[in-house]
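K.L.:
In the numbering used here, the protein residues as written are 0 to 231. Beta carbons: idealized from backbone N, C-alpha and C, even for Gly. Mind having a look at this structure? Questions to follow.
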């Protein structure tokens, strides 16, 4: 059962997309995860930037299978590496508006700009679908991504590099769906996700040119408790 419809709208200025590629099996990742978690109280959250944390699968072979990891997310990181002229991937890896930002969250958060990017709006309907509109000349050949994020997650790790530690996660991608924009609009089914252990959820939405991953505009916000679709 879903909550009442919720609408998230960007301003006309560019809202930046901050991505983190991480894994519960990587001993270097907890500080990066903590840095992203600290953004929960940042004044520019959702207005100036949207954070998402993708968990990748290539650490799973070291003894701990990350339940948040997906090969789809790993492939996203490899596509970035290819765009940057390298086939190499690593964690933790921050990506700011499609550009490699290294292993630490640093000056990126001060690079908020006033450049015009068009207005992106997303409405989560009570039937679990998201209506998206993008008011921009660039909207003619774009793809929209709608991601369900989980936070307040406490995850005991029993093996691998972080064996014996209890990790905490915010803004973790629980599931994501994509759809092409047609005349600046799309209706996107919300991903069915496993929300066990998740105490708060959010929606992150962004548009990028078809065939590319660098975002043009983003928006998002916290979901009402019944607003995200959970696997039963």
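On the CB-based measure, 16 or more other CB atoms within 10 Å of its CB, does residue 71 come out buried or exposed?
P.N.:
Taking the first residue of the chain shown as position 1, residue 71 is located at position 72. Result: exposed.
K.L.:
Which residue's Cα is closest to the Cα of residue 45: 23, 155, 15?
P.N.:
Taking the first residue of the chain shown as 1, we reach residue 45 at position 46. The residue with the shortest Cα to Cα distance from residue 45 is 15.
K.L.:
With distances taken Cα to Cα, identify the nearest neighbour of residue 97 among 213, 59, 60.
P.N.:
Reading the chain shown from its first residue, position 98 is the one you call residue 97. Out of 213, 59, 60, 213 has the C-alpha closest to the C-alpha of residue 97.
K.L.:
Determine the direct distance from the alpha carbon of residue 62 to that of residue 158, and round the result to whole angstroms.
P.N.:
As a working mapping, residue 158 is identified with position 159 in the chain shown. As a working mapping, residue 62 is identified with position 63 in the chain shown. Taken atom to atom, the span from the alpha-carbon of residue 158 to that of residue 62 is near 6 Å.
K.L.:
Just the Cα atoms here: how many angstroms apart are residue 12 and residue 195?
P.N.:
Locating residue 12 in the chain shown gives position 13, where the first residue counts as 1. Locating residue 195 in the chain shown gives position 196, where the first residue counts as 1. C-alpha separation (whole angstroms): 35 Å.
K.L.:
Is residue 153 buried or exposed, if buried means 16 or more other CB atoms sit within 10 Å of its CB?
P.N.:
For this step, residue 153 is matched to residue 154 along the chain shown. Exposed, because fewer than 16 other Cβ atoms sit within 10 Å of the Cβ of residue 153.
K.L.:
Going by DSSP, name the residue or residues bridged to residue 122.
P.N.:
Counted from its first residue, the chain shown places residue 122 at position 123. Residue 122 is bridged to 6, 130.
K.L.:
Would you call residue 115 buried or exposed, if buried means 16 or more other Cβ atoms sit within 10 Å of its Cβ?
P.N.:
Here the question's residue 115 lines up with position 116 in the chain shown. Classification of residue 115: exposed, given that the 10 Å Cβ count is below 16.
K.L.:
Suppose contacts are defined by Cβ-Cβ distances below 8 Å. Is residue 200 in contact with residue 123 by that definition?
P.N.:
The residue labelled residue 200 in the question sits at position 201 within the chain shown. The residue labelled residue 123 in the question sits at position 124 within the chain shown. The answer is no: Cβ separation not under 8 Å.
K.L.:
What separation, rounded to the nearest whole angstrom, lies between the Cα atoms of residue 34 and residue 104?
P.N.:
Here the question's residue 34 lines up with position 35 in the chain shown. Here the question's residue 104 lines up with position 105 in the chain shown. Approximately 7 Å, taken between the alpha carbons.
K.L.:
Near residue 6, what residues of its chain come up, given a Cβ to Cβ distance below 6 Å and the 5 sequence neighbours on each side ignored?
P.N.:
Start at 1 with the first residue of the chain shown, and residue 6 comes out as number 7. Around residue 6: 122.
K.L.:
Give me whichever residues DSSP pairs with residue 88 in a beta bridge.
P.N.:
Here residue 88 refers to the residue found at position 89 of the chain shown. Per DSSP, none; premise fails for residue 88.
K.L.:
Please classify residue 32 as buried or exposed, where buried requires at least 16 other C-beta atoms within 10 Å of its C-beta.
P.N.:
Residue 32 sits at position 33 when you count from the first residue of the chain shown. That one is buried.
K.L.:
Provide the residue span of the beta strand (DSSP E) that contains residue 141, from first to last.
P.N.:
Position 142 of the chain shown holds residue 141. Counted as a single uninterrupted DSSP element, the beta strand (DSSP E) harbouring residue 141 occupies residues 141 to 150.
K.L.:
Go through its chain and collect everything with a Cβ distance to residue 120's Cβ below 6 Å, but skip five positions before and after it.
P.N.:
Start at 1 with the first residue of the chain shown, and residue 120 comes out as number 121. Excluding residues within five positions, the ones whose Cβ falls inside 6 Å are 8, 132.
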